[in-house]
Structure formats: C-alpha cells, structure tokens
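Peer 1: The following block contains the structure, expressed as structure tokens.
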Amino acid sequence: MSTPPVDQPLEPTQGAWETIVRGVRMSPELRDGLRLTLVLAALATAGRAIVPLAVRYATDHGLGAAGTGIDIPMTMVVVVVAGVAVMVTMVASGLMNARLAVAVETALSNLRTRAFRHVHELSSLHQAAQQRGALTSRVSTDIDTMSRFMQFGGLHLVVAAGQLVIATGVMLFLSWRLTLVVLVSFVPFVLLGRWIQRRLTTAYLLVRERIAQLLGVLAETVVGAPVVRAYGIEARTQDRLDRAVDDHRRAAMRAGRLSAWFSSSAEVFAALATGGVVLVGALLGVGGTVTPGTVVAFIFLIALFVEPVMIAAEVINEGQNAVACWRRVQEVLDLEPDVLDPVDGDDLEPGPVGIEFDHVGFRYPVRDAHGQVVGPGAWALRGVDVEIEPRSKVAVVGETGSGKTTFAKLLTRLMDVTEGEVRLSGLPIHDIRFASLRRRVVMVPQEGMLFSGTILDNIRHGAPEAGDQQLAGAMADLGLADWLAELPEGIHTQVGERGSALSAGERQLVALARAYVADPDLLVLDEATSAVDPATEQRLQRALAGLIEGRTTVTIAHRLSTAETSDEVLVFDQGRLVQRGHHLELVAAEGVYARLHASWVVGTSGAGRG
Amino acid sequence: MGAATETSTPPTTPQGVFKRGMYVLWVALRNAPGPFALGAVGAVVFAAATVGSALALGWVTDEVLEPSFAAGELETGLLWLGVALVVGVGVLKAVGVVLRRYYAFLAQFDLQAEFRRQVTRRYLALPMSWHRRHSTGELLSNANADVETTFHIAPPLPMALSATLMVGGTGYLLLVTDPFLAAVGFSVGPMLVLANWIYQHRMRHAAMVAQQARADVADVAHESFDGALVIKTMGREHAEGERFRAISEDLRDKMIRVGRLRAAFDPVIEGLPNVGILLVLGVGAYRVQAGAVTVGEVVQFTFLFRLVALPLRIFGMLLGEIPRAVVGWDRVERVLRSEGDVVHGEASGAGRGGAETALERVTYQYPDTGRDDLSDALAPVGSDAPADMWHAGGEARGLEAIDLDIPAGRTVALVGPTGAGKSTIAALMVRLLDPDLGRITFDGVDLRELSHESLAAHIAIVFQEAFLFDGTVEHNITLGDDYTRDEVVEAARLARADGFIGSLPDGYDTEVGERGATLSGGQRQRIALARALIRRPRLLVLDDATSAVDPAVESEILTGLAEASMPSTVVIVAYRTSSITLADEVLFLEQGRIQARGSHRRLLETVPAYATLVTAYEQADDEGAQ
C-alpha cells in the first residue's frame, strides 16, 4: 500500500512544448495584452542596435573618417535622432518589463490557488503523509521557480534572442562577409558554452545537495545538543561538521571554477572575432567594399553578440527547470479527486444520526509515481455489516492494521467504499451533500492538529460564524475555563506553529472544544495514545464527557477504559469485523477481544491500587 | 550562571552601517589574504587589458584602417601587428577574468567554511543555558545563512578593484587627451553609479519582502496540507482556499512590485552609457574640428565607454550588499563573542556500583528575559522539528535552595505537576546546567570538578524527546564509541528494543533516517535508552524517557533494570503510576520545592496533593485492571 513519492525524477509524460502550450491555455492571463507587449519588446530590442549604427554613421559621414571632411550639423542630427531613439527604447523596454511582470505574476498566483484548492480535494493528502511535502512543493517552490525564471531568466532569454537576431540583421545589412567572420568565430563558443553549462548544472546540483547535508548535520548538532553534551561526543560531532563544511566548500569551488572558465571563454572568442573582423575588414576595405565606420560598428556589434550567447547558455537550464516545474503542477491538476460532492445531493434529516454498513469492503488504490491510480491493493476491510443506533456510544478496537481506521474514514467519507454501501440515517453517504455531511459528522483526529493563531481562532474553525462570547462559553461548558485562566493570555494565547506552544494534552483539549462548537450529531474520535500529565488528563476526560453527551459517538479506542464504558464494542481483525457486543460479554467469550484485553491488563497491572 | 555578554548593538545610521561595512570588509580581507591578493592581480590584468583593448582599437583605426583605406593599399606587416594586438589584448583580458573570478570564489568559499567552523565550535563549547536562549532556527541560520550573507561581499571585491582601475585609467586618458571629453565622461559615470545604488537598495528591500511573502505562502500550504484531515472533516476547504488565495495574491503584488522596480531602473541603467556615447560623439565632432582630438580617439572613447559602463555596476552591487553583510556579521559575531564555556575539572568519577548523588542548597533560575530574539529567524525547518525544552522556551521553572540526597544504588522517582522543576533537577544532575548557587555532588565530588570524559562515562540521561542521529541503529546506540555487537544487543535487550530491531530490514545496521523518522516514538525512546544502558552508567537519569512506550513494556523495562546487574543509581521523572511504584522512593515536587519524600504508598496516604495527582492517572490508565 506504500505510495511512491510524487517527487522522484521521472520520464516526462509530456514534452516541453506541449507543457508550455497547455500551460498557456490553462492561464489565459498570460495572453491578455500580449500583442502590445510583443510590440514593445520588438521596439526595445531593436533599440539596442541604434548606438552602433549611430557611431558608424557619425564616424563615416560626420567625423569624416571616410575622407569626406568633418560635418558638424550632420553629426548633431545623428546624435539627436539616436538620442530620441534611445529614449523611446528605454520607455518601451520599461513598459514591456512591467506588463510582463503583471501578466506572469497574476497567472502564477491564480495557478497556485487553483492547485492548492485541487490538492485539498485529493485523498492522498491524508492517506499518504509522505506525499504532503511533495504537494506543498507544487504550490510553493515549483511555482516560485517558474516565477523567478519568467521574471529574470525568461525575460533575458527573450530579449537576448531578439538582440541576437537584430545584431545579425544589422551585420548582414552592413556586410555579409564580415557577418560570416563573426558567426564562424562564435560557433565553437556556443558549443563549448553549452558543454560547460551542462557541467555547471551538475555542479550546482551537487552544491545544493551538499548544502542540504550541511544543514542536516547542523540541525542534528543544534537540536541534539543535550545528547551531544551528555554523552561527550563533541569531538566526533565537530569532525562530522567540519567534513560537511569542507564538502560544501569543495563542491562550491568546482562550480566556481567552471563558471570562471565560462566567462573567460566568452572573452577569448570575442577577441578572436574582433581580430577576424579587423583582418578581413582591412582586406575588404582596401578593395573598397567596406568603410572604416563599418569595421568600427562591427566591433561594437560583437559586444551585442557575446552577451546574448552567454545569457542563453546560462538560462537555458533554468528554463528547462521551469518547464519541468510547470509540468509537475499540471500533473497535480490532472489527478482526479476520488471523493466528490454529489450533484443534487440530499441533506441529512435533523436529529440524531444512525449508521448502517451494508456489506462494505475497501481496498486502497495502488498509485504510480505520478499519483495516478494503477490498480487496487489488498483488501483493508471486507464484508462489514453493522448497524449503529442513534445516540449510542461505540468503541472500535483492534490491532494496528486491523481496519479500524479505515472504518472511521469510510464513516466520515474521507474515502469511498470499494463495494457495499454506507448509510447515515438511511441515506447513502455518497448522496449526502458535503455541506450537510461535514456539518453533522465531525472527526477528531488523534493528535489534535492545530493551526497557528490563538486558541480562539482554532476553536472557531468548528463554528466560523460563532461570536467570541459563544466560543468562550463553549470552553466553560467543557470545564476548560480554569485551564484558560492559567494561560498567560487566556483564550487569546497563541498556540504556535502546529500548536507547538501547547503540550500534547492541551492540543487535544483545543481539538475537543473545536469539535464541540461544531455541534455534530455523529462524532468520530480517534483516541490519542500519548501520555499527558495528570491535571490535563483529568480535564481531557471531563471535556470528552461533555463532548459526547447526546451524540452518536464512534471512538477508535486505544484504551481499555473507553471500550469498557461503551454501549457496544466492535472488534476488527485483519480487515473483518470479528466480534461485537458489550465489553462484559466479549471478555467472557473466547476470541480476539479477550486476547487484547489480557494484554491490556498486563500492561496496566503495575499500577497498584494502593 | 555566567551569562554570555551579548551587547553589540547594531548600528542604525547610514554612516554607522558604512563604518561597520568597512569593518566586515576588513575581516574578510584579513581572513583570506591569499585569494584576495591573487584576485587583485587578476583584476589589475583585466583592467589594464580592458583599457588596452580600447587603445588598441583606436590605434588600429588611426594607423591601420584609415591610412590603408585612404591609400587603397595594405601594409601587411602593420595589419598583422594590429590583429595580433587586438587578439592578444583580448586573451590577456580572458586571463584576467579567470584569475579574478576564480580567486573571488575561492575567497568567498574559504571565508564561509572558516566561519562555519568557528561558529559551530562555539556551539559545541557554549553551555546548554546558552543554547536554551536561542531557537533552533536561529542557530541554524547563524551557521548557515548568516555566514553566507556576510561573505557575499567577497566576490565583488576584485571586480570593484578592476572597476576602480578602469575608471581611473579612462579618466586619466580622457583628461590627457581632452578635458571636454573628460567632462562628458565624469558627468555620466557618477550618475550611473548613483542610479545603480538606488536601484540595488530598493530592489534589495523589495526582494526581501517578496522572499518573506514566498515563505509565508509555503508556510500556509504546509500547515494547511498537514491539517488536511481537520480541514476536510470540518468542511473548511473553501475557507482554506480563500486564506491561501489572499496570501498568494499578497505574494503576487510583491512580485509585481519587484518587476515594476526593474522595469523602471533596468532601462535607465542600460541606456545611460548609450547617452554617454552619443554625447562623446557630439562633443567629439567639435573637438575633431578644433583639431584637439583625432577621429580614432573619439572612436576609442565611445568604445571605452561601453566597456567601462558594465563594471561600474559593481559599485552599486557592493554598496547594496553592505547593509546585509553587516546584519549577517553582527549575528555571526554575537555567537563568536558569546562567553561562558563549560569548564571541566580533572577528577575521575570511577568507582563500583551506583553513585551517591546529592544537591546541596541548589538554586537555579532560568533567565526570564527569554531568548535573544533575532527578528528574522530562519524559515521553518520542517514540521518535525521537535519542540523540546532546550530550544523552544518550554515550561521548565527554576529551583530554590533545594537539598536532596540520593543514596548509592537506589531507584528514586521524581513526581510533580508540570513545571515543578523535575526536568531541571534531571538536567542539573548530569551537568547539562550548572546551578546558580549551591553544588551538586557525585560520590561527594562536585560535578564541576569531574572531567568531561568521566561525566560522559559515568552519568547518563535519557530524554523524553528521544533524539536519534541520521545513521544506523547500532551507531545510535554506540554513538561511535567502541562496543562489540554483543554489548549492543545486550543493551538493546535490556531496553526491550531487541525485538523490533530484529524485525527491521537490516537489523542493527538499519538506517534510521533523519531524526529516526522511520521509527515510532516508542521505538526511538527504547533505542535512546539502550544508548544510555550500554555505557553502564553509575547514575542513570530517565526524564520521562519511556512515555511513548506501551505501559506493559515500560514496566518490563524498569523491572529488567532492577534485575540486571546494572550498577546504577536511577532517577526517574515519571507520570505513570506503574513506573512510580517501581521506585524505592518517591520525591514529590511542587513549585521548585520538595514537598514530601517516601514510598509511593505512604505519600498516597499522607500527602493529599500527591494523591490527587496520582489518582488522576489511575482513573485514566488503570480502570481496566480490576
């Protein structure tokens, strides 16, 4: 049943071009006003050829290098015209930049939100915890990478490509022979540059890996400081740290060396091209084919040529990376949610909720590395027939893997059955509108998962419209007023990231209060296993009693006491419901429950009764 | 406790920042003189070759191209000389680039490595009380991100030297050739530096704000996906979607601001040199007419302008980098200057059997200033960063003038409500903390007089938060010390870890993953316990060390300890009645004081507060055992 992580490198399912086309189709914001942006881009790029041309013209015709004598007014005309053109270029380039930023960021923000909403509809989010990290990356770092590329690299790439085209065009216009000289000189540079860049990509990958390792060792040292200290292993720890620091340094230097070679190779090829232009230019000039101004203009244009080639070599890898990110986001959007809100669904009747499981079976789907379902797995639950009366308190017991958690997930429709049917108050659960189901059926997960914010904020998740007074009143109903009074800020105490400022037991208190204000008719409790201190324990018991009062309650029990005080116990073993009945009956009978009970008793027997 | 002196107040005025910045530059230069010197050589070669390339071009235009074109015939020797000159100067430039860049990187990474080593050495030497005052994120950030940011100022230094030389060289040439052309140059150059500086300054701020927004987006996604179960079962998906949309749009707006800034400044910075070139052309025409300069010289200057414009950007970058480097350095320096290293004595704690341990009039107060709050601690390290008492502030409280004596070989339970000081006593007994007043003895010797090796060899503590290192199960038990496999297995058996280790894919050689992520809490605790037991310590402190272990297994472990020939005095911080009843004696703590001591049964009868506390468990844990 283990699901492979979404993150591992894969054969791309669609090509780069297909990804881009699909991506643009998905994000119409990218096309808004694109035509004007492209016109501006063309203007901006064309502007880059102005100055070399102006220098050439002024040298030949204004300053009289071609032997015509100095012509001041002509020079002034050239300078003013070129000056105006430069200004226009600047404005066009600025507008283009701004428009692109708006279009790209708007599109990406919407894509991000869309992917986020979609992920929440995927059941793998709570089925496979190991995929959560990957799914978080889809809506954060992946889209960040795209944004960075589109705003920095992508823009450069577009402008660089344009510059290359325009520089080549101008060169061809001035002299095709000299153009040939320049192009021929640059072919080896392009090849060498690509080669170095590919090695650089691997080198940077290694640097990132080394940084991650360094952070790992560092985190161990910092978090594990008491252990390091108490066990006197400082020297060994320092050795590991030094090694990680040095490994990173070496990897970084390897990348640094490559990058230094790359930039200097650009200089070498520029020098070769310049030398070639002077040589061939002189030969042609003597024959009258080119003017000195043309040769000078070419030398300027070479600079226009080097820059884009370097940029292209540098950002093309980033570009591939960004496309890969885009593809990954699209793949997440392609995943079908497996539990759907019914169209024209029904609402649950008001009043207590009864439960029926009619020959229910469930097998977890097996997913491939993309998260796509490829086939069914083993049966996690099979042939379950059970009816639970409204307002009864039922405990579900069984060993790990017995199917009791699956039972709870089907009951709350976190997943849909593979066969059979689950009915709540006689209605098939898949016909109940989500809005109605989620309001009437509430599950309290094992570790009270909290969100950063205050205690009040967290409780409000159960009843978004409730006023502060009402929520505070609910805390009092559950006997938690004295606990709140002990806290520095009372109900306004910040719970910290994932509730880390509270103890495990206190987090559960808040989770119970949250469920209480939601006021469900069917409550599904996944009992916590972690030990808490006695004062909190007492409060938990009190709050729990207040919470389950008057509701149908199904508890996944880890404690014997819970099973004992329930109206009925359901015993699961290897995916089957093997026993049901009251605790006393089940203890008396031979079977799974009696066995579980025996080991519980051993577990708690150390606690003498004074 | 000799608290670290952390008084360096960061400068806030621009002059202050600049002065500090110069100091950081000095620190960098002093600590990597070799690479910087060679980088400077590269910078000089590059600068000379750059100015030289413009001179060569001017010379070729005036002496080779024009005369030849005018005369219609070629002087081959001169032409080849010209070509050789242009190519030669270009190659020299390339050599300069390689040297400059290579040694700039070397300086940067050497400095990073050096200061990472220094910072982590401090971490390992400073007392736990210091660690308590700093969050995990902060310490990670000091050794990683802060060191990195500080030495971002290294790579631009050689380049800045090149740029200075080039500007100087160009300025000199302009002045010597023609003061009018020089005036043009000197007006555009500073404008360019200024525009760049403003740009970098604003951009840095905008980028930082955007980076923060990016982190916020990731945080919300992370939290929301982690809490998916709650969100789904409470039907809060839509509200979560709205929350995420709001924060995503905030990021969008900040990124658009970054884009707009670039849109405003990029064209100006690109365009200014072009304006300069046109001005040189215009003014140059008059000067050529006046006979002050030649056409070749004008061409040469326009070319030079283009070449120098790009390196000028480096000043803007360097100026922009300085405030960040200063902040980074302040934080790094604060660690390097922290005082109060743990000093160990020479005494050996060797002896037979369990050691007698005593607290004499011990007072310990946690500094109530809390931790030094550095405003931008690192982005969250991950969901599984444990919220342990050592870094998160916790709820531990101080002790006042406590006297306590535990006879050799006894097993004693410390019981009390949260915050009574149990964990503080545990930490003091193993010298993770030193008392403010009073002393703690081990067989009559003050803990501060014991050598570090003896402390580690004879005293062991196991925490509730079982910390595992990324390595094999065996490594986590031996921690690299010399033990045979038999000893490892024996320790694991005592800790009741032997069974589940046997069923792991590679047994004792199984990699446990980062922080033992592949194991359950109870399994981690049992490995941590085996780690302590293998050392056969004379004093064993269990700070709620088996809380995640099944109660049945827990009592097996504790009974096993008593039966095995473990030569230890054992101190247990415990909640469960099952473990409390196994102790020879119970110490009942409240609010940093020992309120009562005696057997569990006697305390149950005579101390109402104790009875209330313990009964809460019996109700919860024990109801079935009738």
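Taken in sequence, the protein lines are chains A and R.
Taken in order, the first sequence gives residues 15 to 624; the numbers are from this note's numbering.
Taken in order, the second sequence gives residues 42 to 667; the numbers are from this note's numbering.
Ideal Cβ placement from N, Cα and C applies to all residues, glycine included.
Since we're looking at a predicted model, the values are computed, not measured.
(1) What span of residues does the alpha helix (DSSP H) with A/Arg146 cover, start to end?
(2) Is it true that the CB of R/Thr398 sits closer than 9 angstroms to the CB of R/Thr610?
(3) When you compare the CB of A/Ala608 with every CB in chain R, is at least one pair closer than 9 angstroms?
(4) Determine which residues of the region 439–466 of chain A have a Cβ less than 7 angstroms from any Cβ of chain R, and write them out in chain order.
(5) Which residue from R/Phe77, R/Ala90, R/Asn315 puts its Cα closest to that of R/Gly230?
(6) Using three-state DSSP, classify R/Phe504 as helix, strand or coil.
(7) With a Cβ-Cβ cutoff of 9 angstroms, do A/Leu214 and A/Gln165 count as a contact?
(8) Quick one: residues in its chain with C-beta nearer than 6 angstroms to the C-beta of R/Ala569, no 5 flanking neighbours on either side, listed in chain order?
(9) State the start and end residues of the unbroken beta strand (DSSP E) segment that holds R/Tyr405.
(10) Report the residue ranges of all alpha helix (DSSP H) runs contained in full by the region 43–112 of chain A; include only those spanning at least 4 residues, in chain order.
(11) Taking 9 angstroms as the CB-CB limit, is R/Asp219 close to chain A?
(12) If you check the beta carbons only, do R/Ile613 and R/Glu362 fall under 9 angstroms apart?
(13) Applying the 10 Å Cβ sphere with the 16-neighbour rule, what's the burial state of R/Thr465?
(14) Buried or exposed for A/Ala226, please, with buried defined as at least 16 other CB atoms from any protein chain shown within 10 angstroms of its CB.
(15) CB-CB under 6 angstroms to R/Ile443, same chain, minus the five flanking residues each way: which ones, in chain order?
(16) Specify the secondary structure class of R/Ser424 as computed by DSSP and reduced to three states.
(17) Can you pull out the residues from the region 557–585 of chain R whose beta carbon lies closer than 7 angstroms to at least one beta carbon of chain A?
(18) Between R/Pro76 and the rest of its own chain, which residues show a CB-CB distance below 7 angstroms, the 5 nearest in sequence each way excluded?
(19) Look up R/Ala652 in the DSSP assignment and say whether it is helix, strand or coil.
(20) Taking the alpha-carbon positions, what's the R/Val138 to R/Val82 distance?
(21) Mind checking R/Val655: buried by the 16 CB within 10 Å criterion, or exposed?
(22) Taking CB distances under 9 angstroms as the criterion, tell me whether A/Ala296 reaches chain R.
(23) Taking the beta carbon of R/Ala78 as the centre, do at least 16 other beta carbons fall within 10 Å, making it buried, or is it exposed?
(24) The alpha helix (DSSP H) that contains R/Thr218, what's its start and end?
(25) How many angstroms separate the CA atom of A/Arg590 from the CA atom of A/Val410?
(26) A/Gly290 lies in the alpha helix (DSSP H); which residues open and close that run?
(27) Taking R/Gly639 as part of the beta strand (DSSP E), name the residues at either end of that continuous run.
(28) What residues in the region 488–506 of chain R have a beta carbon less than 8 angstroms from any beta carbon of chain A?
(29) Which residues in the same chain have their Cβ closer than 7 angstroms to the Cβ of A/Arg396, if we skip the five residues on either side of it in sequence?
(30) In the structure shown, what three-state DSSP assignment does R/Phe510 receive?
(31) Leaving out the 5 sequence neighbours to the left and right, which residues in its chain are closer than 7 angstroms to A/Ala311 when beta-carbon positions are compared?
(32) Which residue spans inside the region 258–286 of chain R form an unbroken beta strand (DSSP E) run of at least 3?
(33) Closer than 9 angstroms, CB to CB, is R/Asn72 near chain A or not?
(34) In this structure, what does DSSP give as the bridge partners for A/Glu350?
(35) Three or more beta-carbon pairs under 8 angstroms between the region 440–459 of chain R and the region 368–377 of chain R, yes or no?
(36) Apart from the five residues on each side of it in sequence, which residues of its chain come closer than 7 angstroms, Cβ to Cβ, to A/Trp497?
Peer 2: Once the coordinates are examined:
(1) Position 132 of the first sequence, counted from the first residue, corresponds to residue 146 of chain A. That run of the alpha helix (DSSP H) goes 146–153.
(2) As a position in the second sequence, residue 610 of chain R is number 569, starting the count at 1. As a position in the second sequence, residue 398 of chain R is number 357, starting the count at 1. Cβ atoms of R/Thr610 and R/Thr398: closer than 9 angstroms.
(3) By one-based count along the first sequence, residue 608 of chain A stands at place 594. No, A/Ala608 lies away from the interface with chain R (no Cβ there is under 9 angstroms from its Cβ).
(4) Flagged, chain order: Phe448, Ala449, Arg452, Arg453, Val456, Met457, Pro459, Met463, Phe465, Ser466.
(5) The residue you call residue 230 of chain R lines up with position 189 of the second sequence. Closest option to R/Gly230, Cα to Cα, is R/Asn315.
(6) Numbered from 1 along the second sequence, position 463 holds the residue referred to as residue 504 of chain R. DSSP places R/Phe504 in coil when its eight states are reduced to three.
(7) Indexing the first sequence from 1 puts residue 214 of chain A at position 200. Indexing the first sequence from 1 puts residue 165 of chain A at position 151. No.
(8) Position 528 of the second sequence, counted from the start, is the residue given in the question as residue 569 of chain R. Cβ within range, chain order: Val503, Ala507.
(9) Taking the first residue of the second sequence as 1, we reach residue 405 of chain R at position 364. That run of the beta strand (DSSP E) goes 398–405.
(10) Runs of the alpha helix (DSSP H) lying entirely within the region 43–112 of chain A and spanning at least 4 residues, in chain order: 48–60, 64–71.
(11) Working through the second sequence from its first residue, we reach residue 219 of chain R at position 178. Taking Cβ atoms only, chain A never reaches closer than 9 angstroms to R/Asp219, which makes this a no.
(12) To locate residue 613 of chain R, count along the second sequence from 1; it is residue 572. To locate residue 362 of chain R, count along the second sequence from 1; it is residue 321. It is not a contact, given that the beta carbons lie outside the stated cut-off.
(13) In the second sequence, residue 465 of chain R corresponds to position 424, counting from 1. Taking every protein chain shown into account, the CB of R/Thr465 has 16 or more other CB atoms within 10 angstroms, so this residue is buried.
(14) Indexing the first sequence from 1 puts residue 226 of chain A at position 212. With fewer than 16 other Cβ atoms within 10 Å, it is exposed.
(15) Residue mapping note: residue 443 of chain R aligns to position 402 of the second sequence, counting from 1. For R/Ile443, the CB contacts under 6 angstroms within the same chain, skipping 5 residues up- and downstream, are Leu400, Val403 in chain order.
(16) Residue numbering aside, residue 424 of chain R sits at position 383 when the second sequence is read from its first letter. With a pLDDT of only 29 at R/Ser424, under the threshold of 50, the placement of this residue in the model should not be trusted, and no figure is reported.
(17) Here the close residues number zero.
(18) Position 35 of the second sequence holds residue 76 of chain R. Hits under 7 angstroms: Tyr144, Leu147, Ala148, Asp151.
(19) Position 611 of the second sequence, counting from 1, holds the residue named residue 652 of chain R. Look at R/Ala652 here: in three-state DSSP terms it is helix.
(20) The residue you call residue 138 of chain R lines up with position 97 of the second sequence. The residue you call residue 82 of chain R lines up with position 41 of the second sequence. Approximately 10 angstroms between the Cα atoms of the pair.
(21) Locating residue 655 of chain R in the second sequence gives position 614, where the first residue counts as 1. The residue is buried, with at least 16 neighbouring Cβ atoms inside 10 Å.
(22) Taking the first sequence and counting its residues from 1, the one referred to as residue 296 of chain A is at position 282. Proximity of A/Ala296 to chain R, defined by a Cβ-Cβ separation below 9 angstroms, is satisfied.
(23) As a first step, residue 78 of chain R must be located in the second sequence, where it is residue number 37. That one is exposed.
(24) In the second sequence, the residue the question calls residue 218 of chain R occupies position 177. Here the alpha helix (DSSP H) through R/Thr218 covers 197–218.
(25) Stepping through the first sequence from its first residue, residue 590 of chain A is reached at position 576. Stepping through the first sequence from its first residue, residue 410 of chain A is reached at position 396. Between the C-alpha atoms of A/Arg590 and A/Val410 there is a straight-line separation of about 12 angstroms.
(26) Mapped onto the first sequence, residue 290 of chain A falls at position 276. Where A/Gly290 is concerned, the enclosing alpha helix (DSSP H) stretches over 248–300.
(27) Locating residue 639 of chain R in the second sequence gives position 598, counting from the first residue. Start and end: 634–639.
(28) So the close ones are His493, Glu494, Leu496, Ala497, Ala498, Ile500, Ala501, Ile502, Phe504.
(29) As a position in the first sequence, residue 396 of chain A is number 382, starting the count at 1. Here the set comprises Gly375, Gly589, Arg590.
(30) On the second sequence, residue 510 of chain R is found 469 positions in, with the first residue counted as 1. Three-state result, R/Phe510: coil.
(31) If you number the first sequence from 1, residue 311 of chain A lands on position 297. Pro66, Leu67, Val69, Arg70, Leu188.
(32) Whole beta strand (DSSP E) segments, 3+ residues: zero.
(33) Stepping through the second sequence from its first residue, residue 72 of chain R is reached at position 31. False, the Cβ-Cβ gap to chain A never drops below 9 angstroms.
(34) Position 336 of the first sequence, counted from the first residue, corresponds to residue 350 of chain A. Checking the DSSP bridge columns, you'll see A/Glu350 has no partner listed.
(35) With the cut-off at 8 angstroms, the region 440–459 of chain R and the region 368–377 of chain R do not touch.
(36) In the first sequence, residue 497 of chain A corresponds to position 483, counting from 1. Leu523, Arg553.
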